[in-house]
Amino acid sequence: MKLFEMFFRERELCPLAGCNIPTFRFLGGRGLLCADYSTEFQRQRNFIIKYLSKLDVEKQMENEIIALIQYIGHKNGQRFDFNSAVSASTSNMIGALLFGSRHDYDDPDFQALIEAYHSAVKLSSQASFQNFLPYLWFLPQCKRSAHAWDNYAKSVNQILHKHRMAYNACATRGLIDAMMHQTKENDQPLFGLEDIKANSQTLYFAGSETSSSTLTWGMLFLLSYPDVCNKLQSELDEVVGKLRRPTLDDRPNLPFTCATLLEIQRCNNIAPFSGMHKATKDIKVHGFFIPKGTRILADYWSIFMNEAIWTNPRQFQPMRFLDECGNLKKVEGFIPFSLGKRSCPGESLAKPEMFLILTALVHAFTFHVPDGEMLPVPVGTTGSVYVPPKFNVCARPRQ
């Protein structure tokens, strides 16, 4: 763990920069994911984090959570693909944050956008080796992956183009408008058009796919461990009652619920590896020489499954995050949002989003596997994120 902190926090000892890997070639080396760690990158990142920190996240998400509950309720107990439902919800949440608008879940254009990034994530898992052996870009699976990401980028660019055409300097519909205000109000703008495109594509994908995958893993675990789900629902009933939905203010009084969400993130972390970094100069770490330009990747899975940190790490045990008094405790080695200057800028958004959606659904419904179907083995597909397997659920309102 100390080695991780040295690499990603102590920039004087281990200076690292971003690395534009083949999978994300469509970003053009720009945006929060791929840009080099320059003064310009720092200013852009700080601008975005500052904007996100000022949001009333709960208010922003309230209507979308209501829409998700209504969507599931209208299924009337019929089976549905859980991941598709939460993907639509998280996509709308990040879309509202970026553009100030949402779509109906069954909107064909909206479904096409979701399918575009799902397809890109799936195909990137078949071509991830090119990030280490970039000269193999010409292989068919690498070309298919690149084509899928290009299609995704075009879909986001179309939304962005319509948004820009309706731009009003006196209104701020979302983060994109805030970027455009800054661009038009300064002689030396912080964001060029290509920067806005790259950040839109990065944030839309990262803000929707990561949260929806985590929540889908969560539902798979809760269905696999009904005793955990029952205990979670009992805690919600005791603290929240039956007449309202859980809120962020309830978190201090819901230690087991919070511990369960942390364990979901630990057991099948959706980002097993860090973003690609590279050394900006020759460095020596623990006696090993690392030349300038070396690509460096952190293996978070080795931390989350480390028996020196976790007892029985491959078992789903929310209680590991609680102390002997039942209070939430901090565990060294739990870093789902990474470390250092390039840690996830959306952490302040993702944490409340996952809490509000998971608690709202478990509080409102009892979920079960459809008759004649079985839960899949909890093994995902590693690509841009660790994608859970597909499965159907049925939901009935709780009394």
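Going by the numbering used here, the final residue of the sequence shown carries number 399, and the count climbs one at a time with no gaps.
All residues carry an ideal CB built from backbone N, CA and C; glycine is no exception.
Start and end of the beta strand (DSSP E) containing residue i?
i: F289; result: F288 to I290
i: T366; result: F365 to H368
i: H277; result: H277 to A279
i: K284; result: I283 to V285
Within this structure, are the beta carbons of residue i and residue j separated by less than 8 Å?
i: M219; j: V393; result: yes
i: L375; j: V369; result: yes
i: N199; j: L349; result: no
i: V57; j: P345; result: no
i: L190; j: R43; result: yes
i: I264; j: W217; result: yes
i: N92; j: E64; result: yes
i: H363; j: P252; result: no
i: L328; j: A259; result: yes
i: L248; j: F355; result: yes
i: S128; j: G383; result: yes
i: K100; j: R164; result: Looking at the sequence shown, residue 100 is not Lys but Gly. Not a contact, by the Cβ cut-off of 8 Å.
i: L405; j: F367; result: An answer regarding residue 405 cannot be provided, because it is not within the stretch 1 to 399 covered by the chain.
i: S208; j: T280; result: no
i: A96; j: Q60; result: yes
i: L297; j: F334; result: no
i: K284; j: R295; result: no
What residue range does the alpha helix (DSSP H) around residue i cover?
i: V57; result: V57 to G73
i: C325; result: Here C325 belongs to no alpha helix (DSSP H), and DSSP marks it neither H nor E.
i: P226; result: P226 to V240
i: R396; result: Segment N392 to P397 is the beta strand (DSSP E) holding R396; no alpha helix (DSSP H) there.
i: I176; result: L175 to E185
i: A153; result: P140 to M165
i: D371; result: No alpha helix (DSSP H) holds D371; DSSP gives it neither H nor E.
i: D109; result: P108 to S125
i: L248; result: That residue, L248, is in no alpha helix (DSSP H); it is neither H nor E in DSSP.
i: A259; result: P255 to C267
i: N92; result: F82 to F99
i: N46; result: T39 to S53
i: C34; result: G31 to C34
i: W301; result: W301 to F304
With 16 other CB atoms within 10 Å as the buried threshold, where does residue i fall?
i: S213; result: buried
i: S38; result: exposed
i: C170; result: exposed
i: I303; result: buried
i: P255; result: buried
i: I66; result: exposed
i: R30; result: buried
i: T210; result: buried
i: L136; result: exposed
i: P108; result: exposed
i: G326; result: exposed
i: P397; result: exposed
i: T23; result: buried
i: L98; result: buried
i: Y167; result: exposed
i: R244; result: exposed
i: R320; result: buried
i: V377; result: exposed
Hey, does residue i have any beta-carbon neighbour from chain B nearer than 8 Å?
i: G275; result: Considering every chain present, this structure includes no chain B. It has just one protein chain.
Near residue i, which residues of its chain fall below 7 Å by C-beta distance, leaving aside the five closest residues on each side in sequence?
i: Y225; result: F316
i: R25; result: A146
i: G380; result: N268, Y386, V387, P388 and P389
i: K184; result: A169
i: I159; result: F99
i: R45; result: L32 and P345
Can you name, in chain order, every residue of its own chain whose Cβ lies under 6 Å from the Cβ of residue i, other than the five neighbours on each side?
i: F400; result: A query on residue 400 cannot be resolved here, the shown segment of the chain reaching from 1 to 399 and no further.
i: F205; result: Y117
i: I72; result: A395
i: I151; result: Residue identity check: residue 151 is Asn in the sequence provided, not Ile. Excluding residues within five positions, the ones whose Cβ falls inside 6 Å are A116.
i: L27; result: C34 and A198
i: S87; result: I114 and S212
i: Q130; result: P22, L136, W137 and C142
i: R266; result: F304
i: Q201; result: A153 and V156
i: I290; result: A279 and I283
Below 8 Å CB to CB, which residues in the same chain sit around residue i once its five sequence neighbours on both sides are set aside?
i: Y403; result: Residue 403 lies beyond the range of the chain shown here (1 to 399); nothing can be said about it.
i: P318; result: V228, F256, A259, T260, L262 and E263
i: H181; result: A169 and T172
i: E324; result: none
Would the C-beta of residue i count as close to the ligand GTP, meaning under 7 Å from any of its heavy atoms?
i: F138; result: Looking at this structure, you won't find the ligand GTP or any other ligand, since it has none at all.
- Item | Three-pair Cβ contact test at 8 Å for the region 104-117 versus the region 228-246 | no
- Taking three-plus beta-carbon pairs below 8 Å as touching, is the region 188-197 in contact with the region 69-79? no
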